[in-house]
Structures are given as C-alpha cells and as structure tokens.
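What follows is one structure encoded as structure tokens, with my remarks underneath.
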Amino acid sequence: MAPVFAGGDACAARGAGDPVSEARWRRYVRFVRPNIAADVDDELAFHVAMRIERNRSLGMMPDEARRDALSRFGDVDAVRRALVSHDQRRQAAEGRREYFMQFLQDVRFGLRALRRAPGFALATTLTLALCIGANAAIFSVIHAVVLRPLPYAHPEQLMSVGTGAAGEFLALAVRLRSFSRFAAWVEQTHPIDDGQEALRVEGAAITPDLLPTLGVSPVIGRGFTDDEAQPGRNNVLLISEAIWRQHFGEVQNIVGKKILVEGVPHTIVGVMPSDFHFPNATTQYWQPLAFNPANVGATWAVWDKKIIARVAPGVSIARAQREVREVWPSLRSLNPLWDPGPDYRRDAAPAPLRDDVVGATGRLLWILFGCVLLVLLVGCVNVANLLLARATAREREFSVRAALGGGRARLIRQLVTESLLLAVLGGSLGVALSVAGVRWLVAVMPPGIPRTDEISVSGTVLLFTLGVALVTGLLFGIVPALRATQQARTGSSVDLGRRTSHGRHHHRVASVLVTTELALAVLLVVGATLLVRSFAALRAVNLGFDASHVIAARLTPPNGRYADSGKVSAFYDGVVDRLAGMRGVTNVAIADKLPMAQAVWGIAIRVQGQFEDNKHELPAIGHLQQVSPGYFQTMRIPVVRGRTFSAADRMGQPPVTIVSQSVARRYWPNEDPIGKRVAPPWDAPYMTIIGVVADTKQDSLRDTARTSIYLPWAQRTAFAGSEMWVMVRSASDPAPLAAAIRATVRDLDRTVAVSDVRTMDAVVSRSIRGTRFTVLLVGAFAIAALLLGAIGIYGVMSYLVGQRTTEMGIRMALGASVAAVIGLIVGRAARVAALGVAGGIIGALFATRWLGSLLYEVSATDPVTFVAVPLLFLVVAVAASYAPARRATRIDPVRALRAE
Amino acid sequence: MTIRPDSGDLLQGTLGILILKALLPGAAHGYAIARWIEETTDDVLRIEEGSLYPALRRLEDRTWVSSEWGISENNRRARFYTITAAGRKHLRNEAAVWLRYSQAVTRVLRAAPAIP
Chain A
367 MAPVFAGGDA CAARGAGDPV SEARWRRYVR FVRPNIAADV DDELAFHVAM
417 RIERNRSLGM MPDEARRDAL SRFGDVDAVR RALVSHDQRR QAAEGRREYF
467 MQFLQDVRFG LRALRRAPGF ALATTLTLAL CIGANAAIFS VIHAVVLRPL
517 PYAHPEQLMS VGTGAAGEFL ALAVRLRSFS RFAAWVEQTH PIDDGQEALR
567 VEGAAITPDL LPTLGVSPVI GRGFTDDEAQ PGRNNVLLIS EAIWRQHFGE
617 VQNIVGKKIL VEGVPHTIVG VMPSDFHFPN ATTQYWQPLA FNPANVGATW
667 AVWDKKIIAR VAPGVSIARA QREVREVWPS LRSLNPLWDP GPDYRRDAAP
717 APLRDDVVGA TGRLLWILFG CVLLVLLVGC VNVANLLLAR ATAREREFSV
767 RAALGGGRAR LIRQLVTESL LLAVLGGSLG VALSVAGVRW LVAVMPPGIP
817 RTDEISVSGT VLLFTLGVAL VTGLLFGIVP ALRATQQART GSSVDLGRRT
867 SHGRHHHRVA SVLVTTELAL AVLLVVGATL LVRSFAALRA VNLGFDASHV
917 IAARLTPPNG RYADSGKVSA FYDGVVDRLA GMRGVTNVAI ADKLPMAQAV
967 WGIAIRVQGQ FEDNKHELPA IGHLQQVSPG YFQTMRIPVV RGRTFSAADR
1017 MGQPPVTIVS QSVARRYWPN EDPIGKRVAP PWDAPYMTII GVVADTKQDS
1067 LRDTARTSIY LPWAQRTAFA GSEMWVMVRS ASDPAPLAAA IRATVRDLDR
1117 TVAVSDVRTM DAVVSRSIRG TRFTVLLVGA FAIAALLLGA IGIYGVMSYL
1167 VGQRTTEMGI RMALGASVAA VIGLIVGRAA RVAALGVAGG IIGALFATRW
1217 LGSLLYEVSA TDPVTFVAVP LLFLVVAVAA SYAPARRATR IDPVRALRAE
Chain B
56 MTIRPDSGDL LQGTLGILIL KALLPGAAHG YAIARWIEET TDDVLRIEEG
106 SLYPALRRLE DRTWVSSEWG ISENNRRARF YTITAAGRKH LRNEAAVWLR
156 YSQAVTRVLR AAPAIP
C-alpha cells in the first residue's frame, strides 16, 4: 500500500502484522498518552480500506478499487489535518478543564481540612504571616531606598565625584573629559523669616549647572543663570513645593516675591517639584553657589563642595572613575596656600550617585534583609515540621487514597495545594502586617536614611510578597508531601492500626529539619549578640565630657542684621548673662559646634619649631572648636595641664589656644606643651598654648582619639559665623530649661532662630539611633528565630514521645527510672540541638564578617558570644524537650500496652 | 480546511441530520454511516465521504454524539459513534422543521400551473 497518509507508516505496518494485537498494543500506549495523529490516521485508513474491500467485492481491479475509494473520500490530507488540529485543541481544553477542576477540588478539600484542624491552621498561618510580613516590610524599605532608581533623568549616568574646595571644583571642571555636565553644591542652613517667626531652614547652595545635570527643572519659574552665580548677585532663591504651599498659599504669581534670608531680602525665581529632594528630604530652598576666586582662603581652604557630574554618552562609569582618580591628585601643585602633601586626594573615590546617596544605609538594609530572610527560613522549616507531623497523622487517609488508586503525583499535588493555600493565607495576612510594619519602621528609623518619604508597600512589594508566599509554600510543602506520599505507597495495604513503622523515619526527617532550623537560628542569634555587645560597648564609651544635666540649643542670628562682629558679641553676651542668672543654672557657655550633633572638621596648623613652612606638609588637627571661657566647665572636660580661657583672652590680647591631650602627646611627647606656639596655615600670628584638656568624642561615639584644638571665640578671626550653640548646665533636670532658652532669645531679638533644643543626653543617644535601630531589629529577629527553634524542638520531641508511647511504657514497666526516661528524651533533644548549633556556629564564623563596620570593640569571632550562644541554645533545647520528657514518664505501662 | 462550529449552513446542517438519523439504530463507524446514507438515498445524495468526519467532530463538540474505539465486524480497530439523548432531541426538532419545509416546497412546486 502506498503511503496515502503522512505518518501513515503505522497503517502500512498493520497491513503486515496482526491487526488485533496491534490494536491492543496501541490501546496500552494510549493509556499512557493519547496519540492523536495516529488515531486520526487509523480512523481514516479504516474508512478507505473498507471502501477498497467493498469495491474489490464488487469486482474492481485493485488499482481501480483504490482510486475509486480515494476519489469518493475527497481531499484526504486536508481532512486529516483538520481532524488532527481539532482533536489536539479539544484535548488541550479538556486537560485544562480537568486540571482546573482538580485544583478547585484540592482547594475545597484543603480548606475543609484546615477547618478541621483550626489550631494547626492558626499556628501555621500566623507564623507565615509574621515571617512574610516582616520580609515585605523590610523589602519595602529596601525597594524605596536602595533599589528604586533616583528620580532624575538617566540616573545611571550620574556620578558623585567627591568633596573638595571651590578651586579644585573649577580646576576639575576644566580638566576632566569624561563628563558632559559638572556641578557642585554645598548644604547650608539659614534663618528664614516670613514675618511671623524666624525659622532655621535647611537649604543648599548649588551651581547653576546642577539642575540641568540632574535633568530636573522647576514647576514654576526658572533655574539659575550663570550671572546669578557671581558673589553679590546670588540673592535669588528656588523654593520647595512645601514652602510654596505653607508660606505662600500656592499662589501662581510667586516669581518675583521676596523672602528674608539672614535678614536680607531674596527674590524667588521658581518652585521645585514636590518630589525633588536634593540633597535631602529636609532641603527647602536652593540658592546659587557663588565662587569668589579673589578670596584665596575661601577658594582653597574650605573643602566642603560636593561635586557631582553626568558621564558623557559613550563613556563608561569605570573610565570616568579612573580619570578622576588620575587627574585629581595631579592638582596638588595648584594649592596657593600650602602643599597638601604626596597623599593629596589619593583617596578620591568617585562613585555612582546612587551609591553615594544610598551608601552605608544600603549595606545595613541588606544585612537586615538577610536576617529577616533567615527568620523566614526558620519559619518555613517550622511549618514544614508541623505539616510533616500532620501528614503522619493523616497517614491512614493517604493509605486509603493510594489503595483506591490515587496516584502519587495527584496526592503530592493536593498536599502542595494545601501548603500553597496556607502560604497564600499567611501571605495575605502578612501584607496587612507589612503595611503596619512599614509605618512603624519609618517611625523608628534613624535620621539620615535617604528617601524615607518614598517608602510604601508598592506594587513591586506586593509582587515580591506573592513570590515569597509561593516559594515558601513550595519550600515547606514539598518535603512533607514527598515524605507522606512515599509512606502511603510503601504502606500499600490499608493500615488501620494507629501506629505504623514509619514513625522512626518521620522522626529522622523532622530531626534534620529541626537541626537546620536551629543552625539558622544560631546564626541569627550570634549576629544579634555581637551587635548587642557592640552597642553596650558603645554606650559605655568615655565621652571625655559629662553629658548629664546639660541642655544645648542652636542660635542663628540673621547675618544681615549681625554683620558687625561687635553686635554678635553683644547679643551672645546678653544670652549668656541672662541664662547664667537663672535659678538652677550652674554654667553657661557658647561654642561654634556641639559634640555629637554635626559633622566635624578640622584645620592644618603650623607648629613653631617643627612645621613652620607653608610649603611643607602641615599637621592636620581633626577638630577645631571656637568656645567661650565657660565651655570646659560647662561640659566638664577635664583640664590636664595649664588653664582654660578667661574673659581676659579677648581681641587685642595675645592670641591663645588650648589643645587636647593627643595633640600634646604627638608634637611635644617629652616636653611641656604649655607655652608652645601654633598657627593656622595662612598668614596669621602664632597662638600660645595655655592649656591641655582631655580628648573628647566629637563626631560619634565610635570616634577614635581625635586631635582637637580650641580657640577662644572672643579672639575669632576667620570662619566665625554668627551661628552658635549655647550650652547650659543645671543642678537638676535640664529639660525644663528649653522654654527658658527660647524665651530669653526671643526677648533679646525675635529675628534670631532657635533650633535643635535638646539635652546633651538626647544628643548623644540620637547619635546612635542608627545603631540602636539595627540592634533592635536584628535582636527582634533573633528572638523570633530562637522562639521558633524552641517550638521546633518541642514539637519534634512531643511527636517522638507520642510515637514511642509503647516503648516508654515498656521501659517504665521494666523498671526504668523517671530520670532515665527523661534523660533519654532530653538527651535526644540535646543531640539534635548540638548538631544544629555546630552547623550554626560554622555558618556564623563565615557570616559575621559581613557585620564588619557595625561592630564596635567586639571581634566578629568574639569568643564570649561564640561560647554563650551555643550554651543558650542547649539550655533552650533541654528546656523545650523537658515537658515532652515529663509526659513520657507519666505513661501508664498497662494502658500503653493495651492500646497497641 | 478547518472545523468551525456549525454555522447553520444548509448543507452542513443537513449532513448533521443525516448522520444523526444514521446513528439512530445503534453505534456505527464512519464508513457504516457513509454506506447507510448511500443505500438509503440510492446514491442520490453523493456526499464527499471525507466531509463526514469533520461533521462528526462538530456533532461531538455539541454533545449530540459520543465516540469510542472498538473492534469492527471484520476485527479491525475502528471508532464507533453513538447518538446521545441530546442528539435524539435535536434530531427530532430538526427533522420536524425539515419536513415542514420540504412539504411546503413540495406543495408550492405541485401547485397549478404545473411545471412544463
């Protein structure tokens, strides 16, 4: 027979073989998987063959019979193709429908099963909701702060070049080739007066190129022109949408309106979009950054300009970084004031702007995310254990199903559907929890985390949560499902007895799960313990000053009204006099900086007899502070040698200075530093050292001994703004003095803004809010993991005791003591715990390295932690297994045996 | 050639009715249906036998017939079609419509004046 049908070899073969056995064989094949094309071929071939047979019986010759049959049939190939495609479509539709019906059935069945075990359902759903909710909350923060692209045009091209002096910025702008745009900015804060109240408002001075560099323009008005970046012409402002709303009632004709900054009228030229938060969420206005190259000191000695740039098209970030690292150190010879030394700008670290914005926060958040993922894993393992125990309890149900012909795959699918159901329930509840969690996180988050205003449970977060829920569902569902169905198949006969021989096997799997769980928990608890110990070490640090009973406030007189130095002195003298006269006040002082409250900056100095020449590398002092005579008494900074400033150290008198112990030790190790002379790098007279005071923590509690130099504020020359801090020491609680400080200043001059009124204790604890936040979260995660671990051990041991009731009964009957039985169970728990702890410790030895900079005076392999935590876990394991062990001793041997 | 749902086309509908009628006595394979139509109409309605099968699929999709594999009278594997209860009902309705229609046409054609 010629091959009429494509794929018609089957019918050719059938012509030769035994048609019946062939058909039978195909029926079996079909049982596995229907072969649509072959079926269609069979059906059509049968028709044609029958017609040929009839034609032959009517007397036709074979050839004619065949021709006639085919012509009666028509276009065989077309019919065949139509039938095959139709049948395939029908089969697919049926498959889908069947799958969906089974799924619905599984869901219905699963819901029913959960309703029958409300305790189990509640425990698993809550565990999952907490774990998934915590994950979604932390992920929300990561998504907003770290993952979301910066809200600027082509943010991937933006780079933070570094921080330097105005002269360096101008020189770099000319020399660097990798960038299409180049801009600088510096944060500034000024009192702004809307006629009602003097407010200290954060803003930024920006070069006119900054907005085009970011690719942002004002919603109303215009950006700055190059002309406005000239000194004296920069009395123009861009204001935030918030100021526009709160102070100007959103009027459209805002451009051209005036506002008092530092008591000087500034003209508003535009309003920035509400989502423009550069450089911070608190930035409320922008002013042109004016350079005055004639002022050499301001141009070269003030290293505070932050430089950002947009990489030119076609230039890679890496190449741009390389160019900056090569070019910047080559500017060493440009400094007209002093030689900055061979290490000049060797540490230049240009980075993508996003890294600069996200910075250390990103690292911290990823660590938190790692911790919360560990908690989720521990939670999953716990739920898996619960499911496993439950599956064992349902062994009879599975055996019956298997016996009735329920396939293993089908059974697994049903169990996985049940666990997915739990995951989705837990996930939905978790999303609700995460909304509350995100709100709480934003509230307790330390200041300085960028982009916090953008944190919310967004669509991406929901998608993430859905993913987490599904993955966890599979994770904790698949193992118990495999285990349970395996038992159902091996125990192929319907086992109607209560106990089966699979208990031991189950116990082994459960033990492995609990071991894993404990290992993960140990990892977390070790990390948390290291952080807590660091935090304790940080709290115990010697500040070098006495923070108790001191309250401080920042006073910002408007420069416009206080251009005259004598007027500034008169104002602060008035403030100090009035506050000192108050009841309960023991000391009052003013200083240009407050420890722990702001960034610290220092100065290079000339040292008479050692480093006198401007052209040599000068010693750098880490911290410069200009203070009033009462400062050291008010802050109770111990005086090591000599005296402190007095009222006599004023303008016109010989210039004097006080240095910290570390300065004295470094430059006059074997001499008396009193009477030695130092000077700033520019042309200024030498100052005589009159005293040596203790080192203090200035920047943060982590500060290593920072060299400090103190100048009398009364002899101030350069860099003395009118903004000062006032510190008041009182005999009792200083907090109530806040109102008195505000009232005193308002009474003297209502245009002076008072801000940041806080007790020193509050200032210090604010400085470690970030660390506290981390410790709090990681600690909470660790406690959760510890509890889950304890629950895991308790569950497995309870199950073990339940499984081995008979054995325990027999042991008791044979005279085993209570202690022996308890020892048996508890020993078993201890063995499982020991394994888990060992695994966790090994993991922790590797993982705690990531904590690195978060640790303070505690090594990442701190022996105390690495001994205490394992012990804690062993105790917890023993405690968690004690209740099941007691239960074992109360087994009545007779009843236990009878039950069998 | 694709199989579309019954479009109500006269010929397609007619073929369906013929098939359903052919299945009334009992299950039959496609060739038997073709032979039944051939003999019953004395080969007047020459249908293309290949078109039977798409028609059968359409009837199956509408649940008027069902099919299963079986062994033919000469011991070969064949697909047998059976009319369902729904199929019988449909056949009854369609046959009534068809008969009324053909009677009406017959009456018109027989009315005076006679066709020459």
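Note that the protein sequences, when read in sequence, are chains A and B. My numbering applies: residue 367 is where the first sequence begins, and numbers increase by one. My numbering applies: residue 56 is where the second sequence begins, and numbers increase by one. Even for Gly, the Cβ is constructed at its ideal location relative to N, Cα and C.
Proximal chain B residues relative to D408 (chain A), where beta-carbon distance stays under 7 Å:
In the first sequence, counting from the first residue as 1, residue 408 (chain A) sits at position 42. Result: R132.
Taking the beta strand (DSSP E) that S546 (chain A) falls in, what are its first and last residues?
Numbered from 1 along the first sequence, position 180 holds the residue referred to as residue 546 (chain A). From DSSP, the beta strand (DSSP E) with S546 (chain A) extends over 545 to 559.
Helix, strand or coil, according to DSSP, for W666 (chain A) in the structure here?
To locate residue 666 (chain A), count along the first sequence from 1; it is residue 300. Correct three-state label for W666 (chain A): helix.
Is the region 1193 to 1211 of chain A in contact with the region 1220 to 1236 of chain A, if contact means three or more CB pairs nearer than 8 Å?
yes
Proximity below 8 Å, CB of A571 (chain A) to CB of Q653 (chain A)
Within the first sequence, residue 571 (chain A) is the residue found at index 205, counting from 1. Within the first sequence, residue 653 (chain A) is the residue found at index 287, counting from 1. Against a cut-off of 8 Å, the Cβ pair of Q653 (chain A) and A571 (chain A) comes out as a contact.
Would T1023 (chain A) and P961 (chain A) be called neighbours here (beta carbons separated by less than 8 Å)?
Here the question's residue 1023 (chain A) lines up with position 657 in the first sequence. Here the question's residue 961 (chain A) lines up with position 595 in the first sequence. Not a contact, by the Cβ cut-off of 8 Å.
What's the call for S157 (chain B), buried or exposed, on a 16-neighbour Cβ count within 10 Å?
Here residue 157 (chain B) is taken as the residue at index 102 of the second sequence, counted from 1. S157 (chain B) is exposed by the Cβ-count criterion.
Could you work out which residue in A:A1196, A:Y1160, A:T1140, A:R1256 is closest to S1219 (chain A) when comparing CA atoms only?
Start at 1 with the first residue of the first sequence, and residue 1219 (chain A) comes out as number 853. For S1219 (chain A), the nearest C-alpha among the options comes from A:T1140.
Chain B contacts made by the region 409 to 442 of chain A, where a contact means CB separation under 9 Å:
E409, L410, F412, H413, V414, A415, M416, R417, E419, R420, A435, R438, F439, G440, D441, V442
For a test of the three-state rule: what should DSSP assign to N751 (chain A), helix, strand or coil?
Counted from its first residue, the first sequence places residue 751 (chain A) at position 385. It is helical.
Please look up how many angstroms separate the CB atoms of D670 (chain A) and T529 (chain A), rounded, as I've assumed it's under 8 Å.
Indexing the first sequence from 1 puts residue 670 (chain A) at position 304. Indexing the first sequence from 1 puts residue 529 (chain A) at position 163. Contact flag correct, Cβ pair sits at about 7 Å.
Could you pull the DSSP bridge partners for T671 (chain A) from this structure?
Start at 1 with the first residue of the first sequence, and residue 671 (chain A) comes out as number 305. As written in the sequence, residue 671 (chain A) is Lys, which differs from the Thr given in the question. BP columns for K671 (chain A) point to A:G530.
Could you have a look at R1261 (chain A) and say whether DSSP puts it in helix, strand or coil?
Counted from its first residue, the first sequence places residue 1261 (chain A) at position 895. Three-state result, R1261 (chain A): helix.
Inter-residue Cα distance where the pair is R776 (chain A) and Q457 (chain A):
By 1-based counting over the first sequence, the position of residue 776 (chain A) is 410. By 1-based counting over the first sequence, the position of residue 457 (chain A) is 91. Rounded to the nearest angstrom, the two C-alpha atoms are 19 Å apart.
Excluding the five sequence neighbours on either side, which residues of its own chain have a C-beta within less than 6 Å of the C-beta of D1038 (chain A), listed in chain order?
Walking along the first sequence from the start, residue 1038 (chain A) turns up at place 672. Around D1038 (chain A): no qualifying Cβ.
Shortest alpha-carbon distance to I844 (chain A) belongs to which of A:G1018, A:A750, A:A876, A:E983?
Taking the first residue of the first sequence as position 1, residue 844 (chain A) is located at position 478. For I844 (chain A), the nearest C-alpha among the options comes from A:A750.
What do you get for V635 (chain A), buried or exposed, if any count of 16 or more other CB atoms within 10 angstroms of its CB means buried?
Residue 635 (chain A) sits at position 269 when you count from the first residue of the first sequence. That one is buried.
Tell me whether the beta-carbon of T838 (chain A) lies closer than 8 Å to the beta-carbon of I620 (chain A).
In the first sequence, residue 838 (chain A) corresponds to position 472, counting from 1. In the first sequence, residue 620 (chain A) corresponds to position 254, counting from 1. Not closer than 8 Å, so no.
For the beta strand (DSSP E) that contains I1091 (chain A), what are its first and last residues?
Numbered from 1 along the first sequence, position 725 holds the residue referred to as residue 1091 (chain A). The sequence given here has Trp at residue 1091 (chain A), not Ile. Run containing W1091 (chain A): 1090 to 1096, per the beta strand (DSSP E) assignment.
Would you call the CB atoms of P846 (chain A) and A768 (chain A) closer than 8 Å?
Position 480 of the first sequence, counted from the first residue, corresponds to residue 846 (chain A). Position 402 of the first sequence, counted from the first residue, corresponds to residue 768 (chain A). Cβ atoms of P846 (chain A) and A768 (chain A): not closer than 8 Å.
Would a C-beta distance cut-off of 8 Å place L655 (chain A) and T555 (chain A) closer than the cut-off?
The sequence position of residue 655 (chain A) within the first sequence is 289, counting from 1. The sequence position of residue 555 (chain A) within the first sequence is 189, counting from 1. No. Outside cutoff.
Does the region 537 to 553 of chain A come close enough to the region 692 to 708 of chain A to have 3 or more Cβ pairs within less than 8 Å?
yes
Nearest-angstrom Cα distance between T1110 (chain A) and L1237 (chain A)?
For the purposes of this step, residue 1110 (chain A) is taken as residue 744 along the first sequence, with counting starting at 1. For the purposes of this step, residue 1237 (chain A) is taken as residue 871 along the first sequence, with counting starting at 1. Each residue's alpha carbon lies about 58 Å from the other.
For chain B, check one thing: does any of its Cβ atoms lie closer than 8 Å to the Cβ of R449 (chain A)?
As a position in the first sequence, residue 449 (chain A) is number 83, starting the count at 1. Note on residue identity: the sequence assigns Leu, not Arg, to residue 449 (chain A). For L449 (chain A), the answer is yes, since a Cβ of chain B falls inside 8 Å of its Cβ.
Helix, strand or coil: which one does DSSP assign to S822 (chain A)?
Here residue 822 (chain A) is taken as the residue at index 456 of the first sequence, counted from 1. Coil, per DSSP.
Give me whichever residues DSSP pairs with S1074 (chain A) in a beta bridge.
Indexing the first sequence from 1 puts residue 1074 (chain A) at position 708. BP columns for S1074 (chain A) point to A:H989.
For V1260 (chain A), is the classification buried or exposed, using 16 other Cβ atoms within 10 angstroms of its Cβ as the cut-off for buried?
Residue mapping note: residue 1260 (chain A) aligns to position 894 of the first sequence, counting from 1. It is exposed - the Cβ of V1260 (chain A) has fewer than 16 other Cβ atoms within 10 Å.
When the Cα atoms are used, what is the spatial distance from T922 (chain A) to L1221 (chain A)?
Counted from its first residue, the first sequence places residue 922 (chain A) at position 556. Counted from its first residue, the first sequence places residue 1221 (chain A) at position 855. Distance between the alpha carbons of T922 (chain A) and L1221 (chain A): 37 Å.
By the 10 Å Cβ neighbour count, where 16 or more other Cβ atoms means buried, how is G1041 (chain A) classified, buried or exposed?
Numbered from 1 along the first sequence, position 675 holds the residue referred to as residue 1041 (chain A). Label assigned to G1041 (chain A): exposed.
Is M1178 (chain A) helix, strand or coil when you go by DSSP?
Locating residue 1178 (chain A) in the first sequence gives position 812, counting from the first residue. In the structure shown, M1178 (chain A) sits in a helix (DSSP, three-state: H, G or I).
Mind listing which residues of the region 85 to 108 of chain B have their C-beta closer than 7 Å to chain A's C-betas, in chain order?
G85, Y86, E103, E104, G105, S106, Y108
Residues of its chain near I1134 (chain A), where Cβ-Cβ distance is below 7 Å and the 5 sequence neighbours each way are ignored
For this step, residue 1134 (chain A) is matched to residue 768 along the first sequence. Excluding residues within five positions, the ones whose Cβ falls inside 7 Å are L904, L1067.
8 Å CB neighbourhood of Q974 (chain A) in its chain, flanking five on each side removed
The residue given as residue 974 (chain A) occupies position 608 in the first sequence. Same-chain partners within the cutoff: K1042, R1043, V1044, A1045, Y1052.
Measuring alpha carbon to alpha carbon, tell me which of A:A537, A:G1206, A:F505 ends up nearest V834 (chain A).
Numbered from its first residue, the first sequence carries residue 834 (chain A) at position 468. Comparing Cα-Cα distances from V834 (chain A) to each of A:A537, A:G1206, A:F505, the minimum goes to A:F505.
Measuring straight from C-alpha to C-alpha, what distance separates L73 (chain B) and I138 (chain B)?
In the second sequence, counting from the first residue as 1, residue 73 (chain B) sits at position 18. In the second sequence, counting from the first residue as 1, residue 138 (chain B) sits at position 83. Their backbone Cα atoms lie some 12 Å apart in a straight line.
My assumption, with CB atoms under 8 Å, is that T1010 (chain A) sits in contact with G1057 (chain A). Please give the rounded CB distance.
Mapped onto the first sequence, residue 1010 (chain A) falls at position 644. Mapped onto the first sequence, residue 1057 (chain A) falls at position 691. Correct: roughly 6 Å between the Cβ atoms.
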